Amino acid sequence: MSWIPTTETDQQAMLAAIGVDDVEALFASIPPSLRMQSWDIPAGMSEMGVRNHIAELASRNNVNHTSFLGGGYYDHYIPAAVDALSGRSEFYTAYTPYQPESSQGTLQSIYEYQSAICRLTNMEFANASLYDGGTAVFEAATMSVRIARRNRIVVHPSVNPTYLAMLKTHAANLDLEIVVGDDPEGAACVIVQNPSFQGTVADFTALGERCHEAKALLVVSFYPVSLGMVKTPGEMGADIAIAEGQSIGMPLGFGGPYLGIMATLKKHVRKMPGRIAGETKDQEGRRGFVLTLQAREQHIRRTKAMSNICSNQALCALRALIHLSLWGKEGFKEVAIACHSKAEYLKSRLGFAEILNDGPTFNEFAVRLPIPAAEAAAELLQEGFVAGLPLADVGAGEANDLLIAVTEKHSREALDAFATALERVACN
Amino acid sequence: MSWIPTTETDQQAMLAAIGVDDVEALFASIPPSLRMQSWDIPAGMSEMGVRNHIAELASRNNVNHTSFLGGGYYDHYIPAAVDALSGRSEFYTAYTPYQPESSQGTLQSIYEYQSAICRLTNMEFANASLYDGGTAVFEAATMSVRIARRNRIVVHPSVNPTYLAMLKTHAANLDLEIVVGDDPEGAACVIVQNPSFQGTVADFTALGERCHEAKALLVVSFYPVSLGMVKTPGEMGADIAIAEGQSIGMPLGFGGPYLGIMATLKKHVRKMPGRIAGETKDQEGRRGFVLTLQAREQHIRRTKAMSNICSNQALCALRALIHLSLWGKEGFKEVAIACHSKAEYLKSRLGFAEILNDGPTFNEFAVRLPIPAAEAAAELLQEGFVAGLPLADVGAGEANDLLIAVTEKHSREALDAFATALERVACN
Amino acid sequence: MQLIYEKSQPGRRALRLDALDVPACALPAELCRAEAATLPEMAEIDVVRHFTHLSQRNVGIDDTFYPLGSCTMKYNPKIAEVAAAEPGMSQLHPHFSSSPTYESECQGAYALIHELERQLAEVAGMKAASLQPIAGAHGELTGTLLMAAYHKDKGNTHKDTIIIPDSAHGTNPASAVMAGFKVVEIPSDADGTIHLDAFEAMLTDNVAGIMLTCPNTHGLFEKDVAKIAKLAHSKDALLYYDGANLNAIVGQCRPGDLGFDVMHYNLHKTFATPHGMGGPGCGPVGVSERLLPYLPGPRVVPDGDGFTLATPEKSIGRIAAFFGNYLIAVRAYAYLRHYGDAGLKEVSRNAVLNANYIFARLKGTYKAAFPGNFMHECIFTASPQAQKGIHATDIAKSLLDRGFHAPTIYFPLTVKECLMIEPTETESKETLDAFCDAMLAIAEAVDAAPDSLHAAPVSTPVGRLDEVKAARDLNCACL
Amino acid sequence: MQLIYEKSQPGRRALRLDALDVPACALPAELCRAEAATLPEMAEIDVVRHFTHLSQRNVGIDDTFYPLGSCTMKYNPKIAEVAAAEPGMSQLHPHFSSSPTYESECQGAYALIHELERQLAEVAGMKAASLQPIAGAHGELTGTLLMAAYHKDKGNTHKDTIIIPDSAHGTNPASAVMAGFKVVEIPSDADGTIHLDAFEAMLTDNVAGIMLTCPNTHGLFEKDVAKIAKLAHSKDALLYYDGANLNAIVGQCRPGDLGFDVMHYNLHKTFATPHGMGGPGCGPVGVSERLLPYLPGPRVVPDGDGFTLATPEKSIGRIAAFFGNYLIAVRAYAYLRHYGDAGLKEVSRNAVLNANYIFARLKGTYKAAFPGNFMHECIFTASPQAQKGIHATDIAKSLLDRGFHAPTIYFPLTVKECLMIEPTETESKETLDAFCDAMLAIAEAVDAAPDSLHAAPVSTPVGRLDEVKAARDLNCACL
Ligand SMILES: Cc1ncc(COP(=O)(O)O)c(C=O)c1O
Ligand SMILES: Cc1ncc(COP(=O)(O)O)c(C=O)c1O
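One line per chain: the protein sequences are A, B, C and D, in this order. Everything in the first sequence is counted per this note's numbering, starting at 1 for the first residue and increasing by one. Everything in the second sequence is counted per this note's numbering, starting at 1001 for the first residue and increasing by one. Everything in the third sequence is counted per this note's numbering, starting at 2001 for the first residue and increasing by one. Everything in the fourth sequence is counted per this note's numbering, starting at 3001 for the first residue and increasing by one.
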């Protein structure tokens, strides 16, 4: 078979060395009664056949619209060098850096990624990655529980409803009380999201102060691209900053792989889940990097670990690091300004719809249309537009409410064309 | 600018070190009157802008047909690993191995490529590459002239008419007589192509013998994929074997970059153009590779060089080597069998058309339709088929003649659908 | 090597956007960050060189043999990378699945998800699978949450404990605890497997389930697995299968047929998706009939000619925002479709053959941790060498110098000075021989040149690193 | 390292096709090869490792500074690779251009070709350009053929000679000869440029043209170029511009404005397309009004809203089968469109700045080959070092050990012990400084540690190789 090198001759030589007659003998420890009878697995396909088949499936997905779909996942421009560099096989075919001397590329990149996240958020420590933005909410909640030694989790209404659903699923069997609100009294933490799921930008500094007075933690779920402009979790006094990192270098990919970002303060670092790389030296005094504070992790602490996470999203963290490095200090700011300005421009073109946000927005906003949002969206689809997320479909709004996201990729002409089409469809 | 690292501060420091006030001073040796006034070059675009623009241009090319276009350039399956490996930057961002110690990857790959070509063709020496199949014809002609010390080039009717045109262009100002025919008397060489432009497979062994009796060289232009099955240039007694190497690992790419293949016999090697890698050792006895027999080349011999070639198609040669290594001995045979069998199958479905080949064919054949080929092709285009090359358009046939190529990528269903459609269109 | 931040120069740029084609807007100052994030300021060439150099300080499967036990470091086919890079896959917005309006736009993805879940279930003899869990440990958590849901549904409120062997991977107990269970550890027998009597003694009424790895992390098939299942089921306890070692048995026997109720797959192990220097992986769960109603939702289900979403009635809900690490699943799907029926059976046969060949070549020199019967990996203890001052870690470092990645060492915790070697089926006999030759040469060096082993590695970009210093002088970010 | 053929094992396979879905056919035996070609028999993993290892024995621009004089080894932008990989570009069949029937299917390519040819012409002050020539030398051949066609057309049958400076690249005389001309060499003056009097003396009636490089391969602008052009034109001799050094002047002055009639561009130099370990490059020709009628055909020309093909009346015909190395041209187009008007002007400014900075830092230590006025490259002679036994080659090898690629050495032939350093505009001051520091350290080692220079390189996969043996024991294929 294609990916098995062993020839008939090899096999004979190996069996002879082992001292058995056939490969079957090596399965003798499986009780014969337990051997498989049959399965419904189709015959294999050549590489060429697989490629055609995948292309055929892909052709049944449509990615050629002008799209305003966001809702936590955004179509930002990914620089060409991100794929080129993260596609180097020394990165993607390696595993967790168990042998640091052979894994300095991985370890230094994690260290640099952690640094980038700290610089982005104004936090002190970041981990090497979590699974995604939703599981990061759960990890932040349990981390808060460990620190505050309380079991109430307050989820602010700004938080993505999917994250809330995921939190409930994950915590279903834990002794946690999950409430929606903003009262830190008696809570382990208050979890906020900025911008909110509906796109509103807020300053949670005052809430952070109230949290700290109440000995609760402030957890801020942020949108990485917004930090090219928006006040940071660190500046707001967050104890834990978390994010869905998709927007900084990950393709939309129908849901993954994405990147769970988590950062915290020095005082909390020993309660943080996930791998952490730290700088050190070798015997000759050369700088090197290792995984550190491993006593937090499952392979050492088992039942007492901070989390069960093992495989994480390291390659996505590398992509984020490359993405941020290519945009750099000024470019990253430029992207945020473009997103915001273009969104404001579109907003200005949608006078016929009611803006639902109760404050400024960054690059996404919710509107109430004169007609059901799903209806408008269906009609616009025919014209090549994905109009946005009908909020009722995710339980986050009325039938006529539509969540519209704009990125640096939208040209003014695209915004104009969309505004015109939406107006025509919605106001008929 | 994006690809220029120098900052304002850098520039000041550098100018100070140089001892001039501004960059303009460094252009002082250009007489001011010769400085440029203006040009009509549009403003630049961001990386994202370029990407969108290229995508827009690409969308105006149609590559989604079921295509039977060949004519010397074929749509064969390129294994995924070819792109992955030839895309490693240590290969593609290097240049000619002027420093062999830092270029063993390049040099060993050239040596291995040369070996693959010799094994494929049953020849003794191959060069590191020429530009393409057409220029290889010209280089083979002048090489023959050097060896035979005669100036008549006989081009067999089997040869691609484009190659003949290119030969004439290249040799326009040389004292060469180019005739179409097959008589080796008084000729430096007879150049044949196998399979012929119209797809016919022949055995040129007898012609080779006649050439050698007449002290002319036999030059065989071959189709690499066919050598999974067809008698080789070496077996036919060729002195020089040349080929368009596109079919073994190069995308169609609207004409290039392709690969000029050239191989010869030991006795002729010192007259061969192009780079050649050879094996040697370093001081410690380790195997290594260098460019050898450089006295043939322009950088040493200038006016007396075997050719003016400098930059060649090395990366394409690497792709060919990887392609051949992945298919391997058995796979390469399998591809040839599939091409031939599928072509024969299609032929069997075209009873309504007259087959024009006067002998067996490999994967391409010419048919005479009841209606003009261009007309049939235009109609089939509407149904998503590229029916083949209307031979009259390249001056190689009558109005109703169509050249049809089949590869391993065509499924039986595609062949059936095409046969049915062609019959319907042609026999109405 | 310098940090990327140390290469930054004020004012240097790589990427830019085109000039803004709309009026520039800003948020109110009080909502803005005080200063721009100090991201690197570099030219593209220097970013490219930086990461090219970092990659050159790394070793992956494409470079060398990587026999990391329990991790199934098999070759990652290039065609799978091409599949995942298809724009129709990689550019697909996940919220297409959030609104019926957009269902028509992602039917290809639905078809793939549905067929992959079906085939995964079929491979393991399960009734269904869900791609939602993002990695193996996440699959474990999902699986144990499914167990919890089952027991809650059945009113088994007393069932609060999960039995886990001492040889189990650390994620097993950690996941069980995250799912709200207590954990009791069952020791392995001298032969490396679970003793039925010990198990029976532990199987009290409050046992909700048992998490097994089979073959276990000793590389041994749990001989009594069928009896364990029967006993467990007799007490309404559920059996969890840690699929990390599925590669040993794929096509030979199926967890479902063995009596397991719930399991996770590691697509980044058995199904050859890249390990990505630590992730992303993909850890689908599979369930037997019993747990079907509780699967995470929404699920892709057939609907006329196409597919739609539906959530099982008693679903535990979303464990991922959408369908897990979809682009990893695409790679695994490409792999599965390539091998198919006959091919998959060869996978396990060759994985087991390779491990036993290594065992045969090394067992005269290294001390086997168990009498034999190894399946896809073989486990030695370097205790005899350790008595001479050469530890498993020294052997590992010396392998690095000889051009190989090291096996897993010091896991499982049940074996002292453990060397856990998993070759996988994608390695040739020549590679296995070269590795064995290196291991034998190292064994000779234990007596002949012990200093060279302590000094190793000398051929890597850095030598052994001071982990104590790293933890003491905690420096985890360049600020 | 082993050859790939030494890794082959009978019966081993990487790729297969699906079972044949039509009846298998064979050609008559007498038309078939006797035995299958002995291509490697390997698994995909071993092919991948083989070429990964080979790549690791190579050095490219992404690895390090590569100051190969005359080769313009600038950074190859990744976006250009993405552009060329667009399926709509890479999968396009060239014969679409052979039949009017298919013209509608390749309008995007035609638009690109037309606009790129237009911009190339504009950049150089030419009337038109043709993408057909496949590399620089092929462009030279095309250009000299154009000159021949012009003279033939005008009945200048006596014009059979081309004047070429002794500093010219070897391809210049070789191309002129291939185009059927005699070549006479004009020596450079002590200041490194052509002396007008010498030129005038050579400019007999049978001179068909002059091939100049400007700045020339000494890195110096030919100060008398306008006078040379005037003189030449007064005798109906044509001026050829070797565009290898266009990077020095792009946006500052234009060959067409200087009086050149015909030229080639090296897209793999000025326009940043990758050098691909030796190629593929792309060597378009540009022509002034005078040579317009002779351009290679067919050409892409506007036609209503779109484009079609037309062949100039007196065209020399096809110099390539289609449009040259199209996918290389796509990369260059992406590059050009990115920089645009203002950006291109910065290219030459920074290329020249960088070369002069290196010159400023090294001129006190190394002997300049010429008094100064270097543009995009600076040229030293290691003659003083050679007198102490350290040759240009030793300096080059020592640079390899210090992590840099070497400059061009022993070219141009006019300078003894030549070191020709071309940094290009894409290198940062830090990189230039590190290189200069290495050069200065080597200069110190000439006296302090000459043996280390003779021994270099010691850090490369192999040391200095025996070229004599290679030529004597000719082994150019493993058969
Ligand atoms: C036996 C075993 N179980 C579970 C896991 C956890 O899987 P993951 O790393 O995908 O979370 C591993 C990972 O190495 C393992 O070896
Ligand atoms: C001055 C000069 N002219 C011509 C050439 C030939 O160009 P190419 O290698 O593209 O054929 C070169 C190549 O290095 C050169 O440096």
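For glycine and all other residues, C-beta sits at the position ideal for the given N, C-alpha and C. Quantities reported herein were computed from a predicted structural model and do not represent experimental measurements.
Query: DSSP on C2214(C), reduced to helix/strand/coil?; Result: coil
Query: For L3291(D) and V3207(D), what's the separation of their Cα atoms in angstroms?; Result: 17 Å
Query: Quick check: does the Cβ of D3242(D) come within less than 7 Å of any heavy atom belonging to ligand 2?; Result: yes
Query: Hey, quick one: how far does the beta strand (DSSP E) through C3383(D) stretch, first residue to last?; Result: At residue 3383(D) the sequence reads Ser, which differs from the Cys that was named. It is not in any beta strand (DSSP E) - S3383(D) instead sits in the alpha helix (DSSP H) that spans S3383 to Q3387.
Query: Who pairs with K3223(D) in a beta bridge, going by DSSP?; Result: Looking at the DSSP assignment, K3223(D) forms no beta bridge with any residue, so it has no partner.
Query: How long is the line joining the alpha carbons of T1106(B) and R3057(D), rounded to whole angstroms?; Result: 8 Å
Query: Compute the Euclidean distance between the alpha carbons of H2093(C) and N2325(C), then round it to the nearest angstrom.; Result: 13 Å
Query: If we ignore side chains and look at the alpha-carbon of each, how far apart do I1110(B) and P1100(B) end up?; Result: 12 Å
Query: Which bits of chain D does S2(A) rub up against, with CB to CB less than 9 Å?; Result: R3013, A3014, L3015, R3016, A3043 and E3044
Query: What residue range is occupied by the uninterrupted alpha helix (DSSP H) comprising E2044(C)?; Result: E2044 to Q2056
Query: Considering V3446(D), what are the terminal residues of the alpha helix (DSSP H) in which it resides?; Result: K3429 to A3448
Query: Leaving out five residues on either side along the sequence, give the residues of the same chain with a beta carbon under 7 Å from the beta carbon of P1157(B).; Result: V1180
Query: If you measure between the beta carbons of L3432(D) and N3373(D), is that distance less than 8 Å?; Result: no
Query: Less than 8 Å separating the beta-carbons of P2284(C) and L2120(C)?; Result: yes
Query: Would you mind sorting L2479(C) into buried or exposed? The rule is 16 or more other CB atoms within 10 Å of its CB.; Result: exposed
Query: Along the alpha helix (DSSP H) that carries H3275(D), what are the first and last residues, could you check?; Result: Where H3275(D) is concerned, there is no enclosing alpha helix (DSSP H), given that its DSSP letter is neither H nor E.
Query: Please check the pair L381(A) and T2101(C), which I expect to be a contact at CB under 8 Å, by giving their CB distance rounded to whole angstroms.; Result: 7 Å
Query: Checking contacts by CB at 8 Å: is K2007(C) closer than that to chain B?; Result: no
Query: Quick one: list the residues of chain C neighbouring M1014(B), beta-carbon separation under 7 Å, in chain order.; Result: In chain order: nothing, as chain C lies at least about 13 Å away.
Query: Which residues in chain C sit within 8 Å of V3048(D), going by Cβ to Cβ distance?; Result: D2062, Y2075 and K2078
Query: Give a yes or no on whether the C-beta atoms belonging to P161(A) and F197(A) are separated by under 8 Å.; Result: yes
Query: Taking E375(A) as part of the alpha helix (DSSP H), name the residues at either end of that continuous run.; Result: A373 to Q382
Query: Please report how far the alpha carbon of G2340(C) lies from the alpha carbon of V2415(C), in whole angstroms.; Result: 37 Å
Query: So G2125(C) and R2254(C) are in contact, right, with Cβ under 8 Å, and what is the actual spacing, rounded?; Result: 3 Å
Query: Would you kindly report the start and end of the unbroken alpha helix (DSSP H) that includes T1007(B)?; Result: Run containing T1007(B): none; DSSP gives neither H nor E here.
Query: From the DSSP output, in three-state form, read off T2308(C) for me.; Result: strand
Query: Where do the N-terminal and C-terminal ends of the alpha helix (DSSP H) with Y3335(D) fall, by residue?; Result: Y3326 to L3362
Query: Can you tell me whether E2427(C) is buried or exposed? The criterion is at least 16 other CB atoms within 10 Å of its CB, across all chains shown.; Result: buried
Query: Using only the heavy atoms of ligand 1, determine whether one of them is closer than 7 Å to the beta carbon of T2213(C).; Result: yes
Query: Would you report the Cα separation of Y2486(C) and Y2294(C), rounded to the nearest angstrom?; Result: Because chain C in this structure spans residues 2001 to 2479, residue 2486(C) falls outside the shown range and cannot be described.
Query: Should P3429(D) go down as buried or exposed, given a rule of 16 or more other Cβ atoms within 10 Å for buried?; Result: Before going further, note that residue 3429(D) is Lys rather than Pro in the sequence given. Under this definition K3429(D) is a buried residue.
Query: Which same chain residues, not among the five before or five after F418(A), have their C-beta less than 6 Å away from its C-beta?; Result: F385
Query: Measure the CB-CB distance between I2134(C) and G397(A) and report whether it falls below 8 Å.; Result: no
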